[in-house]
Amino acid sequence: MKIEETVILVDRDDQEIGTMEKMEAHLQGSLHRAFSVFIFNKKGELLLQQRAEGKYHSGGKWTNTCCSHPRPGEPTLAAAHRRLQEEMGMAAELNFVFSFVYCAAIQDDLVENEYDHVFFGITDALPIPDHDEVSSFKYITMARLAVDLKENPGDYTRWLAICFDEVMNHYQQLQIADGL
Numbered sequence: 001m002k003i004e005e006t007v008i009l010v011d012r013d014d015q016e017i018g019t020m021e022k023m024e025a026h027l028q029g030s031l032h033r034a035f036s037v038f039i040f041n042k043k044g045e046l047l048l049q050q051r052a053e054g055k056y057h058s059g060g061k062w063t064n065t066c067c068s069h070p071r072p073g074e075p076t077l078a079a080a081h082r083r084l085q086e087e088m089g090m091a092a093e094l095n096f097v098f099s100f101v102y103c104a105a106i107q108d109d110l111v112e113n114e115y116d117h118v119f120f121g122i123t124d125a126l127p128i129p130d131h132d133e134v135s136s137f138k139y140i141t142m143a144r145l146a147v148d149l150k151e152n153p154g155d156y157t158r159w160l161a162i163c164f165d166e167v168m169n170h171y172q173q174l175q176i177a178d179g180l
């Protein structure tokens with residue numbers, strides 16, 4: 001039996017205004033807090049995961065290293081570390097990079113309406129994915145991903161496509177700062 005998960009409802013300034021069961025929030029399109037983790041190896045390649053087919057939406061699509069929602073009372077950074085371990089079986093130092101708000105119809109009458117906090121991490125540790133969450137993973141250069149997102153947009157999650165340009169801007173700054 002799957003545990004019912006609760007998300008944190010927020011306003012456009014990321015101020016908490018309540019909670020809601022996760023599926024109900026996606027059916028109603030209620031704005032809620034989320035996070036997206038992008039892990040790079042020391043060669044500067046991004047670790048992508050392919051979502052398991054059994055996920056409640058976007059199954060089989062490629063996306064960033066991991067993404068989810070913090071639980072009520074859970075700091076977003078702590079939730080990002082928790083889900084990185086649960087989904088990908090790995091740990092890394094994570095740094096907050098930026099936030100964005102997006103709303104996108106995904107499938108089966110579900111709507112992603114999220115205030116999404118983006119974290120970057122760098123590690124050469126190899127993932128040990130939970131196959132209930134992740135069917136596969138791969139490392140890809142940001143340049144190759146930029147091309148593939150344009151050529152094969154249906155292979156990727158909506159949120160990855162929406163935030164990619166901003167992720168690329170911050171990645172380029174990271175390259176300069178860390179010599180990736």
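Okay, so the sequence shown: first residue is 1 according to the numbering used here, each after it adds one. Where is the CB? At the ideal position from N, CA and C, for every residue including glycine. Computed from a predicted model, the values in this text were never measured in an experiment.
At which residues does the beta strand (DSSP E) containing residue 94 begin and terminate? 94-105
The stretch 102-118 contacting the stretch 141-152, beta-carbon criterion three pairs below 8 Å: Between the stretch 102-118 and the stretch 141-152 there are fewer than three C-beta pairs closer than 8 Å, too few to call the two in contact.
Residue 90 in three-state terms, based on DSSP: DSSP, reduced to helix, strand and coil, places residue 90 outside both helices and strands of the structure shown, so it counts as coil.
With 16 other Cβ atoms within 10 Å as the buried cut-off, status of residue 59: exposed
Tell me whether residue 5 sits in a helix, a strand or coil according to DSSP, three-state version. coil
In the DSSP assignment, what residue or residues form a beta bridge with residue 133? Bridge partners of residue 133: none, in fact.
So for residue 126, helix, strand or coil by DSSP? coil
Which residues mark the beginning and the end of the beta strand (DSSP E) in which residue 51 is found? Taken as a continuous stretch (DSSP letters only), the beta strand (DSSP E) holding residue 51 covers 46-51.
Starting from residue 16, follow the beta strand (DSSP E) in both directions and report where the run begins and ends. 16-21
What is the rounded straight-line gap between the Cα of residue 123 and the Cα of residue 45? 10 Å
Rounded distance between the beta-carbons of residue 55 and residue 156, thought under 8 Å: In fact, because the Cβ distance is near 14 Å, the residues do not count as touching under 8 Å.
Nonlocal neighbours in the same chain, by C-beta distance under 6 Å from residue 57, ignoring five residues either side: 106, 107, 110
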